[in-house]
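K.L.:
Residue numbers (our numbering), protein chains in the order written: chain Y, 94 to 522; chain P, 94 to 522.
Idealized CB from N, CA, C, for every residue including glycine.
Number of protein chains: 2
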Amino acid sequence: MTRITSATTHDLRARTSAFLHGSDAHHPDPDYSAAYVVLHTDGPFEGHGMTFTIGAGNDLCCAAIDALAPLVVGRRLSDLVDDMGAFWRSVTNHSQLRWLGPDKGVMHLATAALVNAVWDLWAKTKGVPVWQLVADLEPEQVVDCIDFRYLRDEVDEHRALDMLRSARAGRDERLAHLRAHGYPAYVTSAGWLGYSEDEVRRRCRAAMADGWRSFKTKVGIDVASDRRRCEVMREELGDDCQLMADANQVWDVREAIDWTNELSAFRLRWIEEPTHPDDVLGHAAIRRGVRPVGVATGEHAANRLIFKQLLQAEAIDYCQVDACRLGGLNEVLSVLLLAAARDVPVCPHAGGIGLCEYVQHISIIDHLCVSGSLVDRTTEYADHLHEHFVHPVQVRDGAYVVPEAPGYSIEMRAESIAALTFPGGAEWR
Amino acid sequence: MTRITSATTHDLRARTSAFLHGSDAHHPDPDYSAAYVVLHTDGPFEGHGMTFTIGAGNDLCCAAIDALAPLVVGRRLSDLVDDMGAFWRSVTNHSQLRWLGPDKGVMHLATAALVNAVWDLWAKTKGVPVWQLVADLEPEQVVDCIDFRYLRDEVDEHRALDMLRSARAGRDERLAHLRAHGYPAYVTSAGWLGYSEDEVRRRCRAAMADGWRSFKTKVGIDVASDRRRCEVMREELGDDCQLMADANQVWDVREAIDWTNELSAFRLRWIEEPTHPDDVLGHAAIRRGVRPVGVATGEHAANRLIFKQLLQAEAIDYCQVDACRLGGLNEVLSVLLLAAARDVPVCPHAGGIGLCEYVQHISIIDHLCVSGSLVDRTTEYADHLHEHFVHPVQVRDGAYVVPEAPGYSIEMRAESIAALTFPGGAEWR
Chain Y
94 MTRITSATTH DLRARTSAFL HGSDAHHPDP DYSAAYVVLH TDGPFEGHGM TFTIGAGNDL
154 CCAAIDALAP LVVGRRLSDL VDDMGAFWRS VTNHSQLRWL GPDKGVMHLA TAALVNAVWD
214 LWAKTKGVPV WQLVADLEPE QVVDCIDFRY LRDEVDEHRA LDMLRSARAG RDERLAHLRA
274 HGYPAYVTSA GWLGYSEDEV RRRCRAAMAD GWRSFKTKVG IDVASDRRRC EVMREELGDD
334 CQLMADANQV WDVREAIDWT NELSAFRLRW IEEPTHPDDV LGHAAIRRGV RPVGVATGEH
394 AANRLIFKQL LQAEAIDYCQ VDACRLGGLN EVLSVLLLAA ARDVPVCPHA GGIGLCEYVQ
454 HISIIDHLCV SGSLVDRTTE YADHLHEHFV HPVQVRDGAY VVPEAPGYSI EMRAESIAAL
514 TFPGGAEWR
Chain P
94 MTRITSATTH DLRARTSAFL HGSDAHHPDP DYSAAYVVLH TDGPFEGHGM TFTIGAGNDL
154 CCAAIDALAP LVVGRRLSDL VDDMGAFWRS VTNHSQLRWL GPDKGVMHLA TAALVNAVWD
214 LWAKTKGVPV WQLVADLEPE QVVDCIDFRY LRDEVDEHRA LDMLRSARAG RDERLAHLRA
274 HGYPAYVTSA GWLGYSEDEV RRRCRAAMAD GWRSFKTKVG IDVASDRRRC EVMREELGDD
334 CQLMADANQV WDVREAIDWT NELSAFRLRW IEEPTHPDDV LGHAAIRRGV RPVGVATGEH
394 AANRLIFKQL LQAEAIDYCQ VDACRLGGLN EVLSVLLLAA ARDVPVCPHA GGIGLCEYVQ
454 HISIIDHLCV SGSLVDRTTE YADHLHEHFV HPVQVRDGAY VVPEAPGYSI EMRAESIAAL
514 TFPGGAEWR
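#1: Which first and last residues belong to the alpha helix (DSSP H) in which His270 (chain Y) is found?
#2: Indicate whether Thr471 (chain Y) and Ala278 (chain Y) have their beta-carbon atoms separated by less than 8 Å.
#3: Run through DSSP, which three-state label would Ile261 (chain Y) get?
#4: Which partner residues of Asp339 (chain P) appear in the DSSP bridge assignment?
#5: Could you please give the first and the last residue of the uninterrupted beta strand (DSSP E) stretch that includes Val425 (chain Y)?
#6: Consider the Cβ of His477 (chain P): report whether some Cβ of chain Y lies at a distance smaller than 8 Å.
#7: How would you write the range of the beta strand (DSSP E) that Leu132 (chain P) sits in, first residue to last?
#8: Taking Thr218 (chain P) as the reference, give the member of P:Arg522, P:Phe515, P:Gly500 and P:Gly331 with the closest Cα.
#9: Below 8 Å, can you find three or more Cβ-Cβ pairs linking the stretch 189-201 of chain P to the stretch 190-199 of chain Y?
#10: Expressed to the nearest angstrom, what Euclidean distance is found between the alpha-carbon atoms of Asp291 (chain Y) and Cys323 (chain Y)?
#11: Could you compute how far the alpha carbon of Leu429 (chain P) sits from the alpha carbon of Val325 (chain P)?
#12: Alpha carbon to alpha carbon, how far is Arg106 (chain P) from Val437 (chain Y)? Give it in angstroms, no decimals.
#13: Quick check: the Cα distance between Gly91 (chain P) and Asp104 (chain P), rounded to an integer number of angstroms?
#14: Please report the distance separating the alpha-carbon of Leu422 (chain Y) from that of Cys449 (chain P).
#15: Pop quiz: Cys297 (chain Y) and Ala283 (chain Y) are said to be a contact at Cβ under 8 Å. What is the actual Cβ separation, rounded to whole angstroms?
#16: Could you tell me the alpha carbon to alpha carbon distance between Gly444 (chain Y) and Arg362 (chain Y), rounded to whole angstroms?
#17: For chain P, find out if any of its Cβ atoms is closer than 8 Å to the Cβ of Tyr288 (chain Y); answer yes or no.
#18: Can you give the Cα-Cα distance for Val174 (chain P) and His133 (chain P), rounded to whole angstroms?
#19: Are the beta-carbon atoms belonging to Ile158 (chain Y) and Ser126 (chain Y) less than 8 Å from one another?
#20: Would you mind working out which of Y:Glu247, Y:Gly220, Y:Trp212 and Y:Asp122 sits nearest Val235 (chain Y), comparing C-alpha positions?
#21: Tell me, to the nearest whole angstrom, how far the beta carbon of Gly275 (chain P) is from that of Tyr129 (chain P); I am working on the premise that it is less than 8 Å.
#22: For a minimum of 4 consecutive residues, which ranges assigned as the alpha helix (DSSP H) are wholly contained in the stretch 374-422 of chain Y?
#23: Could you tell me whether any Cβ in chain Y is nearer than 8 Å to the Cβ of Arg435 (chain P)?
#24: Report the option in Y:Arg320, Y:Glu329, Y:Val388 and Y:Met337 whose CA atom is closest to the CA atom of Ile350 (chain Y).
#25: What's the call for Val486 (chain Y), buried or exposed, on a 16-neighbour Cβ count within 10 Å?
#26: Run through chain Y and tell me which residues come within less than 8 Å of Asp122 (chain P), C-beta to C-beta.
#27: In chain order, what residues of the stretch 139-161 of chain P put their CB closer than 7 Å to some CB of chain Y?
#28: According to DSSP, Asp104 (chain P) sits in a beta bridge with which residue or residues?
#29: Could you name the residues of the stretch 365-393 of chain P whose beta carbon sits closer than 8 Å to any beta carbon of chain Y, in the order they occur along the chain?
#30: Please work out which residues of its chain come closer than 7 Å, Cβ to Cβ, to Ala210 (chain P), disregarding the five sequence neighbours upstream and downstream, and give them in chain order.
#31: List the residues of chain Y that Tyr243 (chain P) touches, going by C-beta distances under 7 Å, in chain order.
#32: At a Cβ cut of 9 Å, what residues of the stretch 442-474 of chain P count as close to chain Y, listed as they run along the chain?
#33: Among P:Ala273, P:Val227 and P:Leu153, whose alpha-carbon lies nearest the alpha-carbon of Leu257 (chain P)?
#34: Roughly how many angstroms lie between the CA atoms of Trp181 (chain Y) and Ile239 (chain Y), to the nearest whole one?
#35: At a Cβ threshold of 8 Å, is Leu419 (chain Y) touching chain P?
#36: Considering only their Cβ atoms, is the gap separating Leu161 (chain P) from Thr36 (chain P) smaller than 8 Å?
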């Protein structure tokens, strides 16, 4: 009978801008940050959750978490999780706070932190990782976690139930395969815009030596340097490795088509975020214009409605859900179903801080409970800031190792919380 | 050589939930609120701006304004307004804060307050109302106020310039007409869900006696009571008045079509916000399904990209821009152009607190500088909370009277700022 007794938020920031990690065409100086919440209880467990930002405004997300916290503090965990869908709707459909969205921006980022902290707590009380918690639910219970309002013209409760039931076949075998081989991943750490050509070569070689076979580079500042970076990476990677490119929203629709076609010689698997993330119809036009290069987006797709339309408009080849941009695991589950219904692979966005820890669960849930497929799937990985987590992700031979510790893998070490606290922590002194 | 020396924010809230004003299917208890900013200068003028919320979270918008304020404090007004487009982009494209949107939610609401305060200050230093400031700009200067990135597949700088130049013909006559007859408006105050049948009848009669001929009711709780309210209003209004209905986002796509068709006997001019505001394709499907009833939306359309797509998908008959949901007048100008390019009438959303004061300028700008038409145009009006403004809106015979005081009409009285301050002001004691 665990009861949530209080919630504390922490404004945590890593000073990554000092080292050019993570630089892209739209975000030259990110300080990877977490608006972090701890749900304290009257029992032995705490629930931890966070949302990811890149520095300034992380305090706003903390304040938004504080504004939502009264919806969980004082509640019994069982009251929340026995009707997870109703709980989720109480957070996203608050009669006054909803005005600030709905389902987008600071409030929705904060929703992710709070909702995921409840999932973390729930899994810890069960003694299982979050992916297993979901896999252990009956299909009816999974459906009950999801708010199908606004989605029923694409996937309704009945369709979802059919999909979840069908995916039960062969699940044990799929889990055994994941435990043996991991979940396929790709690495972004080699192709940041801030790196010199030598640095890119060095990083490509190091990653290949570690078993990586799928890579991504940033593009979008100027065509010539993009061509050169792609050329350098193709030289290092050879023909058997996959190469993707990420434009981080810098282009207009026409520009995206022309620029991507300039890079076609390098056999890009996808062009990522070619234009503004809200422009569903723009992505559809770009997809038609850049074939055979695929279109990928999602890290800035505000909510399930944007994904629904990206899929309806046949605008994407890859669905890049983000564990924090969407309002927590409940909404992620709905997007997994939407994508599977259209047979579009989910390849979660990760990197930053904490995102890799989160998304390994999402990919495993997709494989075990929803799509049941690894075809054309790959989950982003970046090799930084994992040292701050109690149970950091592990990768082996270019794949995520299945996490086995209870919870959502997002709990940070007490020393890290102290050090990254902004602006008073050691990181900022 | 006005320089902005500091910015102060005020969390202002009216306790409207106590009186059932403004109740609708999604927002049963709104406390109409303003996240309000004053730009102090070294000269005789101040710039005032605000964004509108419905209570909780208004403090988050104030904090977001504070986060953006360093972009204007210490700057000369001339540096900002000499390249208004670059200034706007500096606010919406901040390398770290952009992550919290882009162009949506708390940050974008705060953007509206800050950007509109700059417009207010600019107009005051010129000694003219904001609508006249815009009308006095050369077409090239108006184009320079707008960020066309992401819009060029629909309207680019050249097209915009052509449209603005064409609209100069007959402008003096149109202004003379507006000054004589006002800008056509409709009233929402009669059909709130919280009102009894007698109250609805009383309010319809009072509004008709005041010269109103266009009315809106809220719908979406249950079909029977919606039919009854529409029936009562049609009885009172007769056949010559216009009646619109507003569902405030409560329906799924299919439900919206069926429900709206249930109300078709009452000859609705439009159904407003039939589903989630992000669902462009859903609105398009609804529009196809409810003809001859029109579809209207926009008060929750997060940004120009959503409007661009609503227009491209032929999803709306009426474009309901909101002065605060969009990131200030710069972005509003881009939406006026997008709508005019598709010949869709702009009928701004208003009500709440301050929105009527703002949108009268927007409608006049549209008529003088962009669309040049009053056909099928009507601007929302609600008759509350105007007493708090130094230059409150005036309506006469169902039309907005052209405002002539310098600025954006949004400056509130000092006593009102003190009284509405949350939680310390008289309103909350």
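P.N.:
Reading off the structure:
#1: Translated into the one-based positions of the first sequence, residue 270 (chain Y) becomes position 177. Segment Arg264 to His274, the alpha helix (DSSP H) holding His270 (chain Y).
#2: Locating residue 471 (chain Y) in the first sequence gives position 378, where the first residue counts as 1. Locating residue 278 (chain Y) in the first sequence gives position 185, where the first residue counts as 1. When the beta-carbon positions are compared, Thr471 (chain Y) and Ala278 (chain Y) come within less than 8 Å of each other.
#3: For the purposes of this step, residue 261 (chain Y) is identified with residue 168 of the first sequence, where counting begins at 1. Note on residue identity: the sequence assigns Arg, not Ile, to residue 261 (chain Y). Arg261 (chain Y): coil per DSSP, three-state reduction.
#4: In the second sequence, the residue the question calls residue 339 (chain P) occupies position 246. Asp339 (chain P) is bridged to P:Lys311 and P:Glu365.
#5: Along the first sequence, one-based indexing puts residue 425 (chain Y) at 332. Counting along the chain, Val425 (chain Y) falls outside any beta strand (DSSP E), though it belongs to the alpha helix (DSSP H) covering Leu422 to Ala434.
#6: Locating residue 477 (chain P) in the second sequence gives position 384, counting from the first residue. Chain Y contact via Cβ: absent.
#7: Position 39 of the second sequence, counted from the start, is the residue given in the question as residue 132 (chain P). Counting along the chain, the beta strand (DSSP E) containing Leu132 (chain P) begins and ends at Ser126 to Thr134.
#8: The residue you call residue 218 (chain P) lines up with position 125 of the second sequence. Of all alpha-carbon atoms in P:Arg522, P:Phe515, P:Gly500 and P:Gly331, the one lying nearest the alpha-carbon of Thr218 (chain P) is that of P:Gly500.
#9: In short, these stretches touch, since the Cβ pair count reaches three.
#10: Translated into positions along the first sequence, residue 291 (chain Y) becomes position 198. Translated into positions along the first sequence, residue 323 (chain Y) becomes position 230. For Asp291 (chain Y) and Cys323 (chain Y), the distance between alpha carbons rounds to 13 Å.
#11: As a first step, residue 429 (chain P) is located in the second sequence; it is residue number 336 there, counting from the start. As a first step, residue 325 (chain P) is located in the second sequence; it is residue number 232 there, counting from the start. Spanning the two alpha carbons is a distance of roughly 35 Å.
#12: The residue labelled residue 437 (chain Y) in the question sits at position 344 within the first sequence. The residue labelled residue 106 (chain P) in the question sits at position 13 within the second sequence. Computed Cα separation, rounded: 46 Å.
#13: Lying before the first or after the last residue shown, residue 91 (chain P) is absent from chain P, which here runs from 94 to 522.
#14: Position 329 of the first sequence holds residue 422 (chain Y). Position 356 of the second sequence holds residue 449 (chain P). Approximately 40 Å between the Cα atoms of the pair.
#15: Translated into the one-based positions of the first sequence, residue 297 (chain Y) becomes position 204. Translated into the one-based positions of the first sequence, residue 283 (chain Y) becomes position 190. The pair is a contact, with the Cβ atoms about 5 Å apart (cut-off 8 Å).
#16: Numbered from 1 along the first sequence, position 351 holds the residue referred to as residue 444 (chain Y). Numbered from 1 along the first sequence, position 269 holds the residue referred to as residue 362 (chain Y). Using only the alpha carbons, I get a separation of about 19 Å.
#17: Here residue 288 (chain Y) refers to the residue found at position 195 of the first sequence. Using beta-carbon distances, Tyr288 (chain Y) does not count as an interface residue toward chain P, since no partner is under 8 Å.
#18: For the purposes of this step, residue 174 (chain P) is taken as the residue at position 81 of the second sequence. For the purposes of this step, residue 133 (chain P) is taken as the residue at position 40 of the second sequence. Spanning the two alpha carbons is a distance of roughly 16 Å.
#19: As a working mapping, residue 158 (chain Y) is identified with position 65 in the first sequence. As a working mapping, residue 126 (chain Y) is identified with position 33 in the first sequence. No, the pair does not count as a contact, with Cβ atoms beyond the cut-off.
#20: To locate residue 235 (chain Y), count along the first sequence from 1; it is residue 142. Between Val235 (chain Y) and the set Y:Glu247, Y:Gly220, Y:Trp212 and Y:Asp122, the nearest pair of CA atoms involves Y:Trp212.
#21: Taking the first residue of the second sequence as 1, we reach residue 275 (chain P) at position 182. Taking the first residue of the second sequence as 1, we reach residue 129 (chain P) at position 36. Their Cβ separation, rounded to whole angstroms, is 27 Å, which puts Gly275 (chain P) and Tyr129 (chain P) out of contact at 8 Å.
#22: Fully enclosed alpha helix (DSSP H) runs of 4 or longer: 397-405.
#23: Residue 435 (chain P) sits at position 342 when you count from the first residue of the second sequence. So no, Arg435 (chain P) is outside the interface.
#24: Within the first sequence, numbered from 1, the residue matching residue 350 (chain Y) stands at position 257. Checking every option, the nearest Cα to that of Ile350 (chain Y) belongs to Y:Val388.
#25: Counted from its first residue, the first sequence places residue 486 (chain Y) at position 393. Residue environment analysis places Val486 (chain Y) among the buried positions, since at least 16 neighbouring C-beta atoms fall within 10 angstroms of its C-beta.
#26: Position 29 of the second sequence, counted from the first residue, corresponds to residue 122 (chain P). Correct list: Ser188 and Gln189.
#27: The stretch 139-161 of chain P vs chain Y, Cβ under 7 Å: Thr146, Ile147, Gly148, Ala149, Gly150, Leu153, Ala156, Ala157 and Ala160.
#28: On the second sequence, residue 104 (chain P) is found 11 positions in, with the first residue counted as 1. Beta-bridge pairing links Asp104 (chain P) to P:Ala128.
#29: Of all residues in the stretch 365-393 of chain P, Thr368, His369, Pro370, Asp371, Asp372, Val373, Leu374, Gly375, Ala378 and His393 have a Cβ within less than 8 Å of some Cβ in chain Y.
#30: Start at 1 with the first residue of the second sequence, and residue 210 (chain P) comes out as number 117. Correct list, in chain order: Val130, Leu132, Gly140, His141 and Gly142.
#31: Translated into the one-based positions of the second sequence, residue 243 (chain P) becomes position 150. Within chain Y, the residues near Tyr243 (chain P) are Asp345, Thr368, His369 and Asp372.
#32: Result list empty, no residue passes.
#33: Start at 1 with the first residue of the second sequence, and residue 257 (chain P) comes out as number 164. Nearest C-alpha to Leu257 (chain P): P:Val227.
#34: For the purposes of this step, residue 181 (chain Y) is taken as the residue at position 88 of the first sequence. For the purposes of this step, residue 239 (chain Y) is taken as the residue at position 146 of the first sequence. Whole-angstrom Cα-Cα distance: 8 Å.
#35: Locating residue 419 (chain Y) in the first sequence gives position 326, where the first residue counts as 1. For Leu419 (chain Y), no CB of chain P lies under 8 Å from its own CB, so it is not counted at the interface with that chain.
#36: Outside the shown range of chain P (94 to 522) lies residue 36 (chain P), about which nothing can therefore be said.
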